[in-house]
Amino acid sequence: MTRLAKLSTTLGLALLAAGAQAQGVYGEVGYTGLDYKEPGLKVSPAMVRGVVGYEFTPSLAMEGMVGLHGGSDTASGTTLKIDNMVGVFGKVQAPVTDALKVYGRLGVARTSLKANGVSDSDTGLAYGAGVTYDLSKTAYLNADYTKYYDRDDQKLEGLTVGVGFRF
31 MTRLAKLSTT
41 LGLALLAAGA
51 QAQGVYGEVG
61 YTGLDYKEPG
71 LKVSPAMVRG
81 VVGYEFTPSL
91 AMEGMVGLHG
101 GSDTASGTTL
111 KIDNMVGVFG
121 KVQAPVTDAL
131 KVYGRLGVAR
141 TSLKANGVSD
151 SDTGLAYGAG
161 VTYDLSKTAY
171 LNADYTKYYD
181 RDDQKLEGLT
191 VGVGFRF
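Count the sequence shown with the numbering used here and you get residues 31 to 197, in order.
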């Protein structure tokens, strides 16, 4: 297990434990349509993403993320799928209205891809922006666009839509 995976697991467990003590814990599940680009190749796999977070203040939170295979795509003879992804993010958010918030996140993500049966993993800076819309005090909808990897002519980014719950 990589250090990032260990850190993400530890962070997630710590956040869950803190949830027993505080109201700042939330969880999200969503579907992410991804775009992977490198010279001569553009494919659009998908993943199912889960996030566990803790709000320290109404405007600052810490998140742990896990992404799992949600669909493959084939282009130019290459079939690509996400094996898994783990990440840790800091998040800042601001209200637009009582129900609508905008946010930005910055962190690090480790992505494991499989192209034509060959696996590869790498870690990089990840960042994005999104919105949440409260349905109630405990449930909300969310959408964000996140760049998970951007290095050496390779890019992995995507749009996630999902639902979240505050505990």
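All C-beta atoms, glycine included, are put in the ideal place defined by N, C-alpha and C.
Close-in-space but distant-in-sequence residues of the same chain around residue i (CB under 8 Å, 5 per side omitted)
| i | result |
| --- | --- |
| Lys185 | Asp65, Tyr66, Lys67, Glu68, Lys177, Tyr179 |
| Arg181 | Asp152, Gly154 |
| Lys167 | Arg196 |
Proximity winner among the options, relative to residue i (alpha-carbon distances)
| i | options | result |
| --- | --- | --- |
| Asp152 | Phe86, Gly60, Ile112 | Ile112 |
| Thr104 | Glu58, Pro75, Tyr175, Thr141 | Pro75 |
| Tyr157 | Phe86, Gly147, Tyr133 | Tyr133 |
| Glu93 | Met115, Gly107, Gly137, Asn114 | Gly137 |
| Arg140 | Thr127, Ser149, Met115 | Met115 |
| Gly85 | Ser142, Phe119, Leu189 | The sequence as given places Glu at residue 85; Gly does not occur at that position. The shortest C-alpha separation from Glu85 is found at Phe119. |
| Ala159 | Thr127, Val59, Glu187 | Glu187 |
| Gly101 | Thr168, Val148, Ser142, Gly63 | Gly63 |
| Arg11 | Ala91, Asn146, Thr127, Thr87 | Here the chain has residues from 31 to 197 only, and residue 11 is not among them. |
Anticipated Cβ contact below 8 Å, residue i with residue j, distance rounded
| i | j | result |
| --- | --- | --- |
| Val193 | Ala173 | That pair is no contact at about 11 Å. |
| Gly83 | Lys144 | Rounded, the Cβ-Cβ distance is 28 Å, inconsistent with contact. |
| Val78 | Tyr61 | 6 Å |
| Phe195 | Gly57 | 6 Å |
Proximal residues to residue i (C-beta, below 7 Å), its chain only, five neighbours per side dropped
| i | result |
| --- | --- |
| Ser89 | Val122, Gln123, Ala124 |
| Asp164 | Ala129, Tyr170 |
| Gly107 | none |
Same chain, Cβ closer than 6 Å to residue i, neighbours up to 5 away in sequence not counted
| i | result |
| --- | --- |
| Met95 | Val81, Gly117 |
| His99 | Lys111, Ile112 |
| Val220 | Outside the displayed range of the chain (31 to 197) lies residue 220, so it cannot be described from this structure. |
| Lys131 | Gln123, Pro125, Thr162 |
| Asp183 | Glu68, Pro69 |
request  = Please go through the segment 79-148 and give each complete beta strand (DSSP E) segment of 3 or more residues, from N-terminal end onward.
outcome  = 90-101, 103-105, 108-125, 130-145
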